[in-house]
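Just so we're aligned, residue 119 is where the sequence shown starts under the numbering used here, counting upward by one.
The C-beta atom is built at its ideal place from N, Cα and C for all residues, glycine as well.
Here the structure is laid out as structure tokens; the discussion comes afterwards.
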Amino acid sequence: MTLKLWPSKNSFRLMSNSLQPDEKVRVVDAILKVCIQRPNSALLMAHNKLLEKDPALYPLTTSSLKIASIGEVEYSFNADDMFQGEIPSRLVLGLVSSRAYSGDYKKSPFNFQHFDCNFVALYVDGQSLPTKPLQPQYAYRNYLSAYQTLQSIGSDVWIPRYEYPQGYALYVLDVNPHVDFNTKRRGHCRLELRFAKALPESVTLIMYGKFPEMYRIDQSRSVYKQ
Numbered sequence: 119m120t121l122k123l124w125p126s127k128n129s130f131r132l133m134s135n136s137l138q139p140d141e142k143v144r145v146v147d148a149i150l151k152v153c154i155q156r157p158n159s160a161l162l163m164a165h166n167k168l169l170e171k172d173p174a175l176y177p178l179t180t181s182s183l184k185i186a187s188i189g190e191v192e193y194s195f196n197a198d199d200m201f202q203g204e205i206p207s208r209l210v211l212g213l214v215s216s217r218a219y220s221g222d223y224k225k226s227p228f229n230f231q232h233f234d235c236n237f238v239a240l241y242v243d244g245q246s247l248p249t250k251p252l253q254p255q256y257a258y259r260n261y262l263s264a265y266q267t268l269q270s271i272g273s274d275v276w277i278p279r280y281e282y283p284q285g286y287a288l289y290v291l292d293v294n295p296h297v298d299f300n301t302k303r304r305g306h307c308r309l310e311l312r313f314a315k316a317l318p319e320s321v322t323l324i325m326y327g328k329f330p331e332m333y334r335i336d337q338s339r340s341v342y343k344q
């Protein structure tokens, strides 16, 4: 087993108010702890007998991250087939300054601003999912429907509603909330965003998709996707 850790740029992971920032992160020491379990021989033999008849099935949720750049002064954005024919069971969207995403000591890459986005729609094979596009109006503090999408994550978010437009504007679209690991959905998806005002700067769109997978392990210990 080979494990590689690739550090991000210092300007991405650090923030500074210095006129000429040059702060760095230096790893002084690191320890990797690995737990090894050794099953007894009787259990291994029982597993081998079971694998002679049928392969072992392991459901697993995988993820894929895509990014897209939206230019300055744009009013809309469209993306077709972001995941090459695969339909995510859940899609999380966030907008961040391109300068922050590329690395800037003055900006946080985790400051997901709303940029006056007033329309978020995902179409799967021509059908809008969820059934109604999100249409927040941040100028009038009307963004409850967008904020409530965070609740679909299924765990406590700990983001108060009044803080949502202040750097936590994430949109969670549940395409298939009842995941069936036996059927992986394929088709064509299209994303559409609109903005009430022209974008004041270049923006990076983060698209985080989750996909149900089913892995099989046969008697020869070969692992493959269903």
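Between TYR223 and SER246, the alpha-carbon positions lie close to 39 Å from each other. Apart from the 5 residues on each side of it in sequence, LYS142 sits with its Cβ closer than 6 Å to the Cβ of ASN128 in its chain, given in chain order.
Sixteen is the threshold: when 16 or more other Cβ atoms of the shown chains lie within 10 Å of the Cβ of GLN231, as they do, the residue is buried.
From the listed residues VAL152, ARG144, ALA239, the smallest Cα separation to MET119 is found for VAL152.
At a cut-off of 3 residues, the continuous stretches assigned as beta strand (DSSP E) that sit fully inside the region 182–252 are 194–198, 208–215, 235–242.
Annotated as proximal: VAL238 and ALA264, with beta-carbon spacing under 9 Å. Nearest C-alpha to HIS306 among GLY244, SER136, ILE277, SER320: GLY244. By the criterion of a C-beta distance shorter than 6 Å, GLY212 is surrounded in its chain by PHE230, LEU288, ILE324, once the five residues flanking it on both sides are discounted.
Contact annotation, LEU168 with ASP336: C-beta distance approximately 11 Å; criterion of less than 8 Å not satisfied. About 6 Å separates the beta carbon of PRO206 from that of VAL293, a gap short enough to meet the 8 Å contact definition. Contact check for ILE185 against LEU311 fails: the beta carbons are separated by 9 Å or more. For MET163, the enclosing alpha helix (DSSP H) starts and ends at 159–171.
Looking at SER159, ALA164, ASP234, LEU123, the one whose alpha-carbon comes closest to that of LEU317 is ASP234. DSSP places LEU288 inside the beta strand (DSSP E), whose first and last residues are 288–292.
Taking LEU209 as reference, the option from SER159, LEU240, VAL191, PHE228 with the minimal CA-CA separation is LEU240.
In the three-state scheme derived from DSSP, where H, G and I count as helix and E and B as strand, GLU141 is classed as coil.
One alpha carbon belongs to LEU178, the other to PRO283, and they sit about 33 Å apart.
Buried is the label assigned to GLY327, since at least 16 other Cβ atoms lie within 10 Å of its Cβ. Assignment of ARG279 by DSSP, reduced to helix, strand and coil, places it in the helix class. Here ARG304 has GLY203, GLU204, ILE205 as same chain residues with Cβ atoms under 7 Å from its own Cβ, once five neighbours each way along the sequence are excluded. Under the three-state reduction of DSSP output, LEU262 falls in the helix class. One Cα belongs to ALA218, the other to LEU161, and the distance between them is close to 52 Å.
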